[in-house]
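Student: Dumping the structure here so I can ask a few things about it.
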Ligand SMILES: *[C@@H]1O[C@H](CO)[C@@H](O)[C@H](O)[C@H]1NC(C)=O
Ligand SMILES: *[C@@H]1O[C@H](CO)[C@@H](O)[C@H](O)[C@H]1NC(C)=O
Ligand SMILES: *[C@@H]1O[C@H](CO)[C@@H](O)[C@H](O)[C@H]1NC(C)=O
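Numbering (full-length UniProt numbering), first residue to last: 1 to 618.
Right under this line is the structure:
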């Protein structure tokens, strides 16, 4: 009897022991089970002929709940059935007017709008591949997007007509048919298409049109923005589309959720993790033309949004809005995204209430990813040894000065010890392929790294520095370009930024390294946006930086800007600022220079001359 009793007590205590020893056991288990189930799904989808795509999933949803709201946009609500019918009209119009065939690329040049979704679905019904073009780009960059994917058709929003007209001669030379989403257009060479779509039949499109699709066929082209250079088109095949869409399942999205999609649909976050992920779940999407910090929570309240996305600086923007009594009145329970900083994370939770933040890491074209499904503040993911076996990756030593990985005497890369930041490289295998960029072997090759841990092996170079702790959490440190070297020391710009924005009068900071004539490396410079109604306090800034940062990391120059420019994915632009440097005769904004012992004093032309002539050393 006694034996049985102890045995029972022992069993009862077991979960507790497991919990103490492995505090994330249940989270890990759920993640692993999810991972296995999702892996099976992809296996099943790829074995079908033609393969089973997100479009098929969508059509299944239409049958299952035709009248459920699919897209809510401004004052309109469209059901799953509406979307199906509207996309039939698009598909029919396009196939009649431009002889599209399975596999053809079609460039989409428009902002967030329900019609974006109808066109994509319509093209998918024809087996065509949309190239999602950033609607902010113009001229040479815009034309470049066509040569990447070989699109022979362009569909543009009416309000982007001028941008299209600008490149029209070149488009006509390349025999690109141009359609404008408008009722009329008097420019020769551009066809207005809205009325034709409206008049077309909404009968189903024969599935035979896309009978040759396999899981490896391209599904969309997504351009990686980058802060420099021309856009590159990452080929997203159906397999990758599924994997990215599964992010919602891994993050814990449920069938009764409502997701708020305001990120641009031309990028992975908005399109794959937002829109197609929502189709996989069969949920409602509240679509917004673009991000607005002031309208964000109103939208969430109005539409009972339960899941939000974030990227880059978005969470900071939300924290920077004036506090309101109803900050915690909303139904948002989950935030999925990438790039939230530790201080913003805590502030966000404190201010907006109990929202589970699911931070994840991955690149559109990358072959590895991490998910912080535990919600551990600061981490971008959690690594299980199981994952490492399936998708081998390594964090390797990186020489910031030479801009390449450190190699040992045998010519192999060197893994960093636990806790140290290293360049993330992921082995290119059949299971974790790197598809590369469309029509751009040179850029594709640049992302490949050979002889990493063994002679002859091949890895994907993420370009990101990450750090892993003993518990298996992985932390984003920096993009390679975001680290610079000064006086033999590495300076991580994100760390300096985090320290700067603690000061209440600094609303935003962008930190980068600038070249100084006659000096090696780059010296730190910060561009600051001052909080409205406050002033830059040079003494307080100096005292604060002295307390938190080693001398080499303290920005030597400070530039005050009225706003800080970000990319379409809300990442800060550093390259242009770094090129502009600190010459007061070029920059007409207020600048300061740090003088040891004195603090930040106004930058003058005389100081600049002294530095460039070498009479003043930094
Ligand atoms: C599918 O592939 C077959 C054989 O390669 C080809 O004859 C057919 O035209 C293709 N179908 C489509 C819709 O492209
Ligand atoms: C939001 O939820 C509330 C309470 O559950 C409900 O009364 C309201 O109608 C919902 N609003 C919308 C737009 O669905
Ligand atoms: C600037 O900061 C210092 C130290 O934190 C403080 O003593 C001083 O009053 C501040 N100056 C202004 C103009 O706010």
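Virtual Cβ for every residue (Gly too), placed ideally from N, Cα, C.
Could you please give me the residues that DSSP links to residue 218 through a beta bridge?
Tutor: Walking along the chain shown from the start, residue 218 turns up at place 218. DSSP lists 237 as partners of residue 218.
Student: Please name the residue, chosen from 287, 173, 357, 297, that lies closest to residue 248 on a Cα-to-Cα basis.
Tutor: Numbered from 1 along the chain shown, position 248 holds the residue referred to as residue 248. Comparing Cα positions, the closest option is 357.
Student: Between 253, 216, 254, which lies nearest to residue 236 when the distance is taken from Cα to Cα?
Tutor: In the chain shown, the residue the question calls residue 236 occupies position 236. Considering only alpha carbons, the answer is 216.
Student: Within the structure, which residues are defined as neighbours of ligand 5 by a Cβ-heavy atom distance below 7 Å, reported in chain order?
Tutor: No copy of ligand 5 appears in this structure; the ligands present are ligand 1, ligand 2 and ligand 3.
Student: For a test of the three-state rule: what should DSSP assign to residue 223, helix, strand or coil?
Tutor: Position 223 of the chain shown, counted from the first residue, corresponds to residue 223. Reduced to three states, the DSSP call for residue 223 is strand.
Student: Below 8 Å on the Cβ atoms is my guess for residue 514 versus residue 525; work out the distance and round it to an integer in Å.
Tutor: Reading the chain shown from its first residue, position 514 is the one you call residue 514. Reading the chain shown from its first residue, position 525 is the one you call residue 525. With 8 Å as the limit, residue 514 and residue 525 qualify as a contact, their Cβ atoms being about 5 Å apart.
Student: Compute the beta-carbon to beta-carbon distance between residue 422 and residue 459, rounded to the nearest angstrom, for a pair I have assumed lies under 8 Å.
Tutor: Within the chain shown, residue 422 is the residue found at index 422, counting from 1. Within the chain shown, residue 459 is the residue found at index 459, counting from 1. Contact flag wrong, Cβ pair sits at about 13 Å.
Student: Pick out every residue whose C-beta is nearer than 7 Å to a heavy atom of ligand 2: which are they, in chain order?
Tutor: Cβ atoms closer than 7 Å to ligand 2 belong to 302, 303, 304.
Student: Given a threshold of 16 other Cβ atoms within 10 Å of its Cβ, counted over all protein chains shown, does residue 190 qualify as buried or as exposed?
Tutor: Sequence index remark: in the chain shown, residue 190 carries index 190 (1-based). Residue 190 comes out buried.
Student: Tell me, to the nearest whole angstrom, how far the beta carbon of residue 523 is from that of residue 370; I am working on the premise that it is less than 8 Å.
Tutor: Against the chain shown, residue 523 aligns to sequence position 523. Against the chain shown, residue 370 aligns to sequence position 370. The pair is not a contact, with the Cβ atoms about 33 Å apart (cut-off 8 Å).
Student: Buried or exposed: which applies to residue 67, given that a residue is buried once 16 or more other Cβ atoms fall within 10 Å of its Cβ?
Tutor: If you number the chain shown from 1, residue 67 lands on position 67. Residue 67 comes out exposed.
Student: Excluding the 5 residues preceding and the 5 following residue 629 in the sequence, name in chain order all residues of the same chain whose CB lies nearer than 6 Å to its CB.
Tutor: This structure leaves residue 629 out entirely; the chain is present only between 1 and 618.
Student: Going by DSSP, name the residue or residues bridged to residue 415.
Tutor: Counted from its first residue, the chain shown places residue 415 at position 415. According to DSSP, which records beta bridges pairwise, residue 415 is partnered with 396.
Student: With DSSP run on the structure shown, which of helix, strand or coil describes residue 25?
Tutor: Working through the chain shown from its first residue, we reach residue 25 at position 25. Helix at residue 25.
Student: Using C-beta distances below 6 Å, list every residue in its chain close to residue 331, excluding the 5 sequence neighbours before and after it, in chain order.
Tutor: Within the chain shown, residue 331 is the residue found at index 331, counting from 1. Closer than 6 Å at the Cβ level, and outside the excluded window around residue 331, lie 304, 306.
Student: For residue 179, which three-state DSSP category applies?
Tutor: By 1-based counting over the chain shown, the position of residue 179 is 179. Residue 179 falls in the strand class under three-state DSSP.
Student: Can you list, in chain order, the residues of its chain whose CB lies under 7 Å from that of residue 378, leaving out five sequence neighbours each side?
Tutor: On the chain shown, residue 378 is found 378 positions in, with the first residue counted as 1. Excluding residues within five positions, the ones whose Cβ falls inside 7 Å are 342, 345, 475.
Student: Is the beta carbon of residue 509 less than 8 Å from the beta carbon of residue 494?
Tutor: Counting from 1 along the chain shown, the entry for residue 509 is found at position 509. Counting from 1 along the chain shown, the entry for residue 494 is found at position 494. Not in contact: residue 509 and residue 494 (Cβ atoms no closer than 8 Å).
Student: Return the residue from the list 36, 453, 382 that minimises the CA-CA distance to residue 406.
Tutor: Start at 1 with the first residue of the chain shown, and residue 406 comes out as number 406. It is 453.
Student: What does the alpha-carbon distance come out to for the pair residue 533 and residue 299?
Tutor: If you number the chain shown from 1, residue 533 lands on position 533. If you number the chain shown from 1, residue 299 lands on position 299. About 27 Å.
Student: Pairs of beta-carbons, one from the region 253-271 and one from the region 279-294, closer than 8 Å: are there three or more?
Tutor: Touching, per the Cβ criterion.
Student: Leaving aside the five residues before and after residue 226 along the sequence, list all residues of the same chain whose C-beta is less than 7 Å from its C-beta, in chain order.
Tutor: Locating residue 226 in the chain shown gives position 226, where the first residue counts as 1. Low per-residue confidence applies at residue 226: pLDDT is 48, beneath 50, and the placement is therefore not dependable, though the value from the model is reported in the following sentence. Closer than 7 Å at Cβ, skipping near neighbours: no residue.
Student: Where are the beta strand (DSSP E) runs, 3 residues long or more, that stay fully inside the region 576-610, in chain order?
Tutor: DSSP runs (the beta strand (DSSP E)) wholly in the region 576-610: 591-595, 599-602.
Student: To which residues of the same chain is residue 146 closer than 6 Å at the C-beta, ignoring the five residues directly before and after it?
Tutor: Counting from 1 along the chain shown, the entry for residue 146 is found at position 146. Nothing listed; no residue qualifies.
Student: Assign residue 255 to one of two classes, buried (16 or more other C-beta atoms within 10 Å of its C-beta) or exposed (fewer than that).
Tutor: Start at 1 with the first residue of the chain shown, and residue 255 comes out as number 255. That one is exposed.
Student: The beta strand (DSSP E) spanning residue 360 covers which residue range?
Tutor: In the chain shown, residue 360 corresponds to position 360, counting from 1. Unbroken beta strand (DSSP E) run through residue 360: 356-362.
Student: For residue 246, which of helix, strand or coil comes out of DSSP?
Tutor: Within the chain shown, numbered from 1, the residue matching residue 246 stands at position 246. Reduced to three states, the DSSP call for residue 246 is coil.
Student: My output table needs one value for residue 307: the three-state DSSP class, helix, strand or coil.
Tutor: Locating residue 307 in the chain shown gives position 307, where the first residue counts as 1. Strand.
Student: Please report the distance separating the alpha-carbon of residue 505 from that of residue 310.
Tutor: Residue 505 sits at position 505 when you count from the first residue of the chain shown. Residue 310 sits at position 310 when you count from the first residue of the chain shown. About 24 Å.
Student: Note the first and the last residue of the continuous alpha helix (DSSP H) segment covering residue 478.
Tutor: Reading the chain shown from its first residue, position 478 is the one you call residue 478. First-last for residue 478: 473-479, but that is the beta strand (DSSP E), not the alpha helix (DSSP H).
Student: Near residue 53, what residues of its chain come up, given a Cβ to Cβ distance below 6 Å and the 5 sequence neighbours on each side ignored?
Tutor: Start at 1 with the first residue of the chain shown, and residue 53 comes out as number 53. Here the set comprises 238.
Student: Does DSSP classify residue 618 as helix, strand or coil?
Tutor: As a working mapping, residue 618 is identified with position 618 in the chain shown. In this structure, residue 618 counts as coil in the three-state DSSP scheme.
Student: Give me the DSSP bridge partner(s) of residue 337.
Tutor: Residue 337 sits at position 337 when you count from the first residue of the chain shown. Its beta-bridge partners are 310, 359.
Student: Look up residue 619 in the DSSP assignment and say whether it is helix, strand or coil.
Tutor: The requested residue 619 does not occur in the structure, where the chain is confined to residues 1 to 618.
Student: Quick check: the region 427-444 against the region 63-78, are at least 3 beta-carbon pairs closer than 8 Å?
Tutor: Not touching, per the Cβ criterion.
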